[in-house]
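Position one of the first sequence corresponds to residue 11 (our numbering), numbered consecutively onward. All C-beta atoms in this analysis are idealised placements derived from N, C-alpha and C, irrespective of residue type, glycine included. Owing to the predicted nature of the structure, the values given are computational and were not obtained by experimental measurement.
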Amino acid sequence: MTMELPKHYDPRDAQARWLRFWNERGFFHARPDPNRQPFCIVIPPPNVTGALHLGHALNNTLQDVLIRWRRMQGYNVLWMPGTDHAGIATQAVVERRLREEEKKTRHDLGRCELVQRIWQWKDQYEKRILGQLSELGCSCDWQRTRFTLDPICARAVRTTFFTMFKDGLIYRGKRLVNWDTQLQTAVADDEIYHETIKGGFWTFRYPVKGTDEFIRFSTTRPETMLGDTAVAVHPDDERYKHLIGKMVTIPLVNRDIPIIADGQLVDPTLGTGAVKVTPAHDPNDYQCGQRHSLPMINILNPDGTINENGGPYTGLDRFKARERVTEDMEKLGLFDGREDRDIDLAHSDRSKSSIEPYLSDQWFVKMADLAQTAMDAVTDGQVKFFPERYARTYLDWLGEKRDWCISRQLWWGHRIPIWYARCPEAELKRVFAGRDDVSWRLDEDNGRWLICALEDLPSDILGPKYPLEQDPDVLDTWFSSALWPHSTLGWPERTPELAYWYPTSVLVTSRDIITLWVARMVMTGLYNVGKVPFHHVYIHPKILDGFGESMSKSKGNGIDPLDIIERYGTDALRFLMVHQATETQDSKMPVANVCPHCDTLVPIKQEHMYMRTRKVTCPNCKKPFRPGGPWPAPDPDLPTAKQASERFDMGRNFANKLWNAARFLFLNLEGYKPEAIRHQELPIEDRWILSRLATTTAAVTQQLESYRFSEVARTIYDFTWSEFCDWYVEMSKRRLQDPAARQLVQRVLVGVLDGILRLVQPIMPFVAESIWQALNETAFERGVPSPEPAPESVVIAPWPSLTESWRDTAMETRIGRMQELIRAVREVRNRYNLKMDLDVFVRCSDAIAEDFLTLAPFIAALAGVGQLECGPQTAKPRQAATHVTPEFEEYVSLEGLIDPAAEKARLEKQLAEKVKHLQAARAKLGNANFVERAPADVVQQQRDLVADLQNQIRAIEDNLRDLSQE
RNA sequence: GGGCCCGUAGCUCAGUUGGUUAGAGCGUCUGCUUGACACGCAGAAGGUCACAGAUUCGAGUUCUGUCGGGCCCACCA
Numbered sequence: 011m012t013m014e015l016p017k018h019y020d021p022r023d024a025q026a027r028w029l030r031f032w033n034e035r036g037f038f039h040a041r042p043d044p045n046r047q048p049f050c051i052v053i054p055p056p057n058v059t060g061a062l063h064l065g066h067a068l069n070n071t072l073q074d075v076l077i078r079w080r081r082m083q084g085y086n087v088l089w090m091p092g093t094d095h096a097g098i099a100t101q102a103v104v105e106r107r108l109r110e111e112e113k114k115t116r117h118d119l120g121r122c123e124l125v126q127r128i129w130q131w132k133d134q135y136e137k138r139i140l141g142q143l144s145e146l147g148c149s150c151d152w153q154r155t156r157f158t159l160d161p162i163c164a165r166a167v168r169t170t171f172f173t174m175f176k177d178g179l180i181y182r183g184k185r186l187v188n189w190d191t192q193l194q195t196a197v198a199d200d201e202i203y204h205e206t207i208k209g210g211f212w213t214f215r216y217p218v219k220g221t222d223e224f225i226r227f228s229t230t231r232p233e234t235m236l237g238d239t240a241v242a243v244h245p246d247d248e249r250y251k252h253l254i255g256k257m258v259t260i261p262l263v264n265r266d267i268p269i270i271a272d273g274q275l276v277d278p279t280l281g282t283g284a285v286k287v288t289p290a291h292d293p294n295d296y297q298c299g300q301r302h303s304l305p306m307i308n309i310l311n312p313d314g315t316i317n318e319n320g321g322p323y324t325g326l327d328r329f330k331a332r333e334r335v336t337e338d339m340e341k342l343g344l345f346d347g348r349e350d351r352d353i354d355l356a357h358s359d360r361s362k363s364s365i366e367p368y369l370s371d372q373w374f375v376k377m378a379d380l381a382q383t384a385m386d387a388v389t390d391g392q393v394k395f396f397p398e399r400y401a402r403t404y405l406d407w408l409g410e411k412r413d414w415c416i417s418r419q420l421w422w423g424h425r426i427p428i429w430y431a432r433c434p435e436a437e438l439k440r441v442f443a444g445r446d447d448v449s450w451r452l453d454e455d456n457g458r459w460l461i462c463a464l465e466d467l468p469s470d471i472l473g474p475k476y477p478l479e480q481d482p483d484v485l486d487t488w489f490s491s492a493l494w495p496h497s498t499l500g501w502p503e504r505t506p507e508l509a510y511w512y513p514t515s516v517l518v519t520s521r522d523i524i525t526l527w528v529a530r531m532v533m534t535g536l537y538n539v540g541k542v543p544f545h546h547v548y549i550h551p552k553i554l555d556g557f558g559e560s561m562s563k564s565k566g567n568g569i570d571p572l573d574i575i576e577r578y579g580t581d582a583l584r585f586l587m588v589h590q591a592t593e594t595q596d597s598k599m600p601v602a603n604v605c606p607h608c609d610t611l612v613p614i615k616q617e618h619m620y621m622r623t624r625k626v627t628c629p630n631c632k633k634p635f636r637p638g639g640p641w642p643a644p645d646p647d648l649p650t651a652k653q654a655s656e657r658f659d660m661g662r663n664f665a666n667k668l669w670n671a672a673r674f675l676f677l678n679l680e681g682y683k684p685e686a687i688r689h690q691e692l693p694i695e696d697r698w699i700l701s702r703l704a705t706t707t708a709a710v711t712q713q714l715e716s717y718r719f720s721e722v723a724r725t726i727y728d729f730t731w732s733e734f735c736d737w738y739v740e741m742s743k744r745r746l747q748d749p750a751a752r753q754l755v756q757r758v759l760v761g762v763l764d765g766i767l768r769l770v771q772p773i774m775p776f777v778a779e780s781i782w783q784a785l786n787e788t789a790f791e792r793g794v795p796s797p798e799p800a801p802e803s804v805v806i807a808p809w810p811s812l813t814e815s816w817r818d819t820a821m822e823t824r825i826g827r828m829q830e831l832i833r834a835v836r837e838v839r840n841r842y843n844l845k846m847d848l849d850v851f852v853r854c855s856d857a858i859a860e861d862f863l864t865l866a867p868f869i870a871a872l873a874g875v876g877q878l879e880c881g882p883q884t885a886k887p888r889q890a891a892t893h894v895t896p897e898f899e900e901y902v903s904l905e906g907l908i909d910p911a912a913e914k915a916r917l918e919k920q921l922a923e924k925v926k927h928l929q930a931a932r933a934k935l936g937n938a939n940f941v942e943r944a945p946a947d948v949v950q951q952q953r954d955l956v957a958d959l960q961n962q963i964r965a966i967e968d969n970l971r972d973l974s975q976e
């Protein structure tokens with residue numbers, strides 16, 4: 011039976027069809043099975059902030075490649091999918107929409123309502139993200155999908171917090187946050203942008219107590235004087251040395267503060283060399299305050315007005331206070347002038363107002379011991395990084411052991427399980443008697459109890475006299491992400507999944523979250539479970555745009571994977587992702603807009619970025635369109651371009667090539683009969699392709715084991731295209747016409763294609779499955795050396811392992827020689843633009859001659875050769891193009907066809923190159939040091955080279971002489 | 001300021017432990033509608049491996065420095 015396939019591979023049809031098929035068969039669902047080896051990856055959960063981008067496509071393709079490969083190897087594979095609630099980012103997106111669409115703030119809605127809105131957003135985007143992952147072909151166990159805020163993860167978060175609290179690892183402390191006075195909330199570092207504004211640089215004086223002296227200092231924020239608790243100078247600064255330890259008075263609030271020496275804070279060459287220190291309102295001053303145990307005076311209310319610590323200025327807006335402070339200092343004669351100055355000021359991304367550093371109460375995790383265990387896990391090799399160098403990023407960061415601030419002033423996230431109460435401890439002991447799920451500690455600063463509980467506590471649990479109040483903050487998103495590898499497997503329950511798949515096998519991620527995420531997973535894994543969360547960490551490169559900049563929504567230089575899937579197919583996308591994943595280089599991906607009118611690719615220019623260009627005219631059809639990007643809404647007047655990159659042509663072409671190789675087979679399978687082959691009896695070309703397949707398989711396996719993805723893609727591509735298609739399939743054509751040879755070559759063709767499909771499945775599962783299924787209909791029993799019934803899907807087909815004994819370098823050399831001979835004829839043909847068969851004469855050893863004559867039918871067919879003569883005595887024809895190799899001299903007869911002068915010129919050029927090369931080789935051998943010190947085989951190689959070159963030069967010279975005689 | 005990565009063909013990138021004359025894809029040029037594939041086939045052109053030193057018999061590969069690009073962290077009264 012033969013079957014006809016369409017001329018082009020249609021990815022769309024294949025994707026829909028096989029996704030359904032795989033899901034119906036449940037290939038991706040896994041259950042613990044002690045009789046099989048486990049392999050497990052937990053997905054880095056994408057944020058539910060928005061849709062997936064190309065970086066996710068890379069990250070998830072690589073994971074899927076590993077998962078699909080290990081599944082074929084027979085491991086019991088679990089790929090755990092899920093998404094992350096991404097506290098700040100998601101709340102910010104929803105709040106922005108609220109502002110834009112309803113002109114409301116979160117305070118208008120209230121906590122409960124806002125959180126509900128975010129859940130709706132999450133439902134919508136989670137669905138979209140999981141759909142995108144599925145479309146990418148990700149073979150996740152969808153039945154196990156988790157979300158960092160779902161009850162199972164919440165239970166893990168609670169348990170961890172509670173245990174850490176009881177162990178004294180969680181404490182309450184002060185920290186400077188970025189305060190947005192307009193929205194009255196803390197803002198994360200990555201939600202801040204810096205803008206240069208026109209500001210002032212004021213210089214004032216404080217009187218030094220007990221002397222006539224003054225100390226001068228400058229500031230850009232005079233109102234912070236109200237919160238000064240010291241003036242710092244450099245310890246080596248001769249101007250001020252005598253003042254260190256003396257007190258100065260802040261006249262406005264009549265407070266005495268010391269002059270201190272601080273070499274870290276103060277640069278004596280800047281300003282006056284003296285610095286006012288406001289620990290509660292400046293990050294550097296805060297550090298300095300910690301070093302010197304200075305009081306920290308907060309002078310601001312949450313709305314940016316001056317609080318009761320500001321004395322006479324209480325109640326004034328901070329900018330008003332700035333003016334008044336300056337005026338009052340001037341009145342006192344302590345104002346020494348003001349300069350204009352450009353100030354690089356932090357602004358809130360959301361309210362666009364300027365940020366105030368603000369001291370607030372926060373929760374922290376003590377890092378000292380936790381960090382040490384996580385460092386040990388890497389130094390003693392329990393966790394290995396690929397590439398290795400990233401271990402250093404991890405160790406350097408953990409080495410600082412800075413305590414982890416885990417509270418966030420947000421509404422979206424895991425609420426901090428702490429309740430406050432003011433009551434006698436006896437009350438607590440009475441109410442919580444016998445409960446081991448409640449723990450409390452005294453908050454000495456505020457004179458109240460901090461009560462931590464595994465389950466929510468009702469506010470009236472202590473009775474009406476002592477109401478409980480829950481901490482309003484939520485936990486840092488990374489707190490729940492840190493538990494991901496064990497929380498998704500069911501911890502704190504002792505589930506069979508946890509016992510079987512934990513520690514997971516490998517974590518695949520990009521380098522920017524080694525510290526934020528990877529390090530913390532190791533810490534909490536060791537703390538909660540007592541085992542590392544994964545054995546390997548593979549760090550992949552980042553995808554950049556054509557200008558080397560990272561892709562982002564705000565720049566508008568990102569690519570939606572779905573645009574690529576639609577235009578090139580999922581397999582093309584996946585192939586490129588794998589191909590681009592090299593060890594050292596980030597991957598540059600020039601982005602183009604696809605003209606919606608004429609489908610021309612219009613490259614994005616740098617000036618188009620950041621949504622600066624709203625309209626582009628297509629250079630081809632001259633019609634206007636809007637460039638692709640995260641536009642808030644469709645433009646009724648201007649069609650929006652999809653984005654693309656011609657880089658994906660490679661993947662699409664490869665999928666199509668494979669498809670057509672299969673198509674060729676199907677057109678030639680009439681009469682196929684499965685039967686065992688006897689390797690020793692196979693002709694050269696069969697043994698060659700099987701040798702190459704065995705080598706390729708071994709190489710790919712090894713490359714996958716060491717996470718060299720790019721090499722995997724290249725190895726498979728080269729074998730399939732340049733060896734199987736270009737040579738073996740071409741050679742098979744003649745044999746397929748020969749009834750005596752047809753059946754055998756069919757078996758080998760089918761066997762090799764079967765092997766290619768298995769190798770390619772992890773990378774390009776859709777085209778592989780399409781061909782596999784077609785093959786199952788026409789050649790259900792197949793494979794070399796002995797055919798077997800094929801599995802129902804390539805997804806669950808065993809990974810190929812071909813016998814080492816098939817690897818035959820002699821065979822590869824022999825075919826290599828034939829290829830060189832053929833290429834030389836083709837080169838001549840092209841150079842002289844000849845169409846007819848050419849006669850070829852080869853001077854070579856008897857052994858090589860025998861080979862060439864065996865392969866003569868292929869040489870004739872592939873090079874268009876008429877007469878072929880080989881042997882030691884072969885005479886050179888009168889007029890000929892010459893190709894000389896170390897092993898043979900090849901003459902393509904061109905009697906009457908060529909210009910002898912042209913051929914002569916070409917040979918002379920060749921001769922010059924050979925002579926030059928010979929001289930270099932001789933010079934090397936003439937160097938006594940080389941002969942003495944280089945290894946013997948290298949020296950011998952060089953001697954052989956000289957001999958070869960001499961032979962070749964002699965042959966070319968002979969030929970030149972003949973040409974001259976014409 | 002600390003750390004890491006990169007600089008190889010017009011473009012995007014390979015190049016295992018140092019060892020003949022440095023590779024691929026795209027693009028360019030030439031010739032092909034050849035019964036799998038023009039998303040293709042056959043060929044060609046195209047490189048001072050950023051620069052300067054050092055180590056070595058031998059360096060794209062190791063070391064030092066310089067220049068250029070990028071990322072992370074710290075910092076910028």
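- In terms of CA proximity to residue 596, 560 leads the group 456, 718, 324, 560.
- Listed in chain order, the alpha helix (DSSP H) runs fully inside the region 655-742 are 659-677, 694-715, 719-728, counting runs of at least 4 residues.
- The alpha-carbon separation between residue 170 and residue 153 amounts to approximately 25 angstroms.
- If you check the CB distance, residue 772 and residue 129 do not come in under 8 angstroms.
- In the structure shown, residue 798 falls within a strand segment according to DSSP collapsed to helix, strand and coil.
- According to the DSSP assignment, residue 557 belongs to no alpha helix (DSSP H), since it is labelled neither H nor E.
- Contact between residue 427 and residue 462 holds: their C-beta atoms lie close to 6 angstroms from each other, under 8 angstroms.
- Annotated three-state conformation of residue 62 is coil, per DSSP.
- DSSP places residue 271 in the uninterrupted beta strand (DSSP E) bounded by 265-271.
- By the neighbour-count definition (other C-beta atoms within 10 Å, threshold 16), residue 839 is a buried residue.
- Between residue 283 and residue 252 a beta carbon distance of about 14 angstroms is seen, past the 8 angstroms cut, so the two are scored as non-contacting.
- A straight line joining the alpha-carbon of residue 899 with that of residue 733 spans about 25 angstroms.
- For the options 144, 28, 107, the alpha carbon positioned closest to that of residue 62 is the one of 144.
- Distance from the Cα of residue 660 is smallest, within the candidate group 652, 641, 588, for 588.
- Burial is judged here by how many other beta carbons sit within 10 angstroms of a residue's own beta carbon; residue 57 has at least 16 and is buried.
- With fewer than 16 other CB atoms across the displayed protein chains lying within 10 angstroms of its CB, residue 277 is exposed.
- The residue from 842, 510, 65 with its alpha-carbon nearest to that of residue 599 is 65.
- DSSP places residue 548 within a strand segment (E or B) once states are collapsed to three.
- Residue 758 carries a helical assignment under DSSP once its states are collapsed to helix, strand and coil.
- Taken through DSSP and simplified to helix, strand or coil, residue 599 comes out as strand.
- Rounded to the nearest angstrom, the gap between the Cα atoms of residue 388 and residue 472 is 47 angstroms.
- Residues 108, 127 of the same chain have their beta carbon placed closer than 8 angstroms to that of residue 119, with the five preceding and five following residues left out of the count.
- DSSP, read as helix, strand or coil, puts residue 74 in helix.
- When only Cα atoms are considered, residue 887 and residue 859 end up about 17 angstroms apart.
- Rounded to the nearest angstrom, the gap between the Cα atoms of residue 356 and residue 212 is 19 angstroms.
- Residue 543 sits buried, since 16 or more C-beta atoms from the chains shown fall within 10 Å of its C-beta.
- Only residues of its own chain outside the window of five on either side were considered, and among them 52, 512, 513, 514, 517, 531, 535, 543, 544 have a CB closer than 8 angstroms to the CB of residue 495, listed in chain order.
- According to DSSP, residue pairing for residue 189 in a beta bridge involves 196, 366.
- Boundaries of the beta strand (DSSP E) around residue 613: 611-613.
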